[in-house]
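**Student:**
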Amino acid sequence: MRTALHILADFPSIFAVAFFSNFLQILWVAMWIYTYFSIQNMWQQWADENQAELIALAHNETFNVSSFNASATNITAELSTSEEIFANLISFYLFLSLFWTSMVIRNTLF
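Under our numbering, think of the first position of the sequence shown as 18, with each following residue one higher.
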């Protein structure tokens, strides 16, 4: 039979595991929020760039070489944006796996 002294002796390790598990979950939620807002910010920048290009094209009566160069630059910006989104999705997956691991630890120990 376990006495109160034995339970108190086990408390630091139980507290450490519970704290670590909660910390991983909080970290996962924080990274999910960061990923959401960074993707939203990238799409807003992309929309602002396209809006500025459309306004510039609307002021020009004819199609000229500078507007074509702006379109080519915009395609390059879209590629870099997609690479950033891919990197954010990878980080999202990594933190999702950390969250899953913390849930397995919590369900195993408690």
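We put the beta carbon where it would ideally sit given N, CA and C, even for glycine.
In this text, all values refer to a predicted model and were calculated from it rather than measured experimentally.
Taking all protein chains shown into account, do 16 or more other C-beta atoms lie within 10 angstroms of the C-beta of W45, making it buried, or fewer, making it exposed?
**Tutor:** Per the 10 Å Cβ criterion, buried.
**Student:** Compare the Cα-Cα distances from E101 to each of S119, N39, A47 and T52 and report the closest residue.
**Tutor:** Of S119, N39, A47 and T52, the residue nearest in Cα terms is T52.
**Student:** Should S114 go down as buried or exposed, given a rule of 16 or more other Cβ atoms within 10 Å for buried?
**Tutor:** Classification of S114: exposed, given that the 10 Å Cβ count is below 16.
**Student:** Could you tell me the distance, in whole angstroms, from the CA atom of F109 to the CA atom of E70?
**Tutor:** Cα to Cα, F109 sits roughly 32 Å from E70.
**Student:** For chain C, find out if any of its Cβ atoms is closer than 8 Å to the Cβ of N124; answer yes or no.
**Tutor:** Looking at the structure shown, chain C is missing, and only one protein chain is on hand.
**Student:** Measure how close the beta-carbons of F112 and M48 come, nearest whole angstrom, since I'm counting them as under 8 Å.
**Tutor:** Correct: roughly 4 Å between the Cβ atoms.
**Student:** For D65, which residues of its own chain have a beta-carbon under 6 Å away from its beta-carbon, when the five flanking residues on both sides are left out?
**Tutor:** The answer is none, since no qualifying residue turns up.
**Student:** Can you tell me whether F40 is buried or exposed, with buried defined as 16 or more other CB within 10 angstroms of its CB?
**Tutor:** That one is exposed.
**Student:** Under 7 Å Cβ to Cβ from F116, same chain only, skipping five residues before and after it: list those, please.
**Tutor:** Correct list, in chain order: L41, Q42 and W45.
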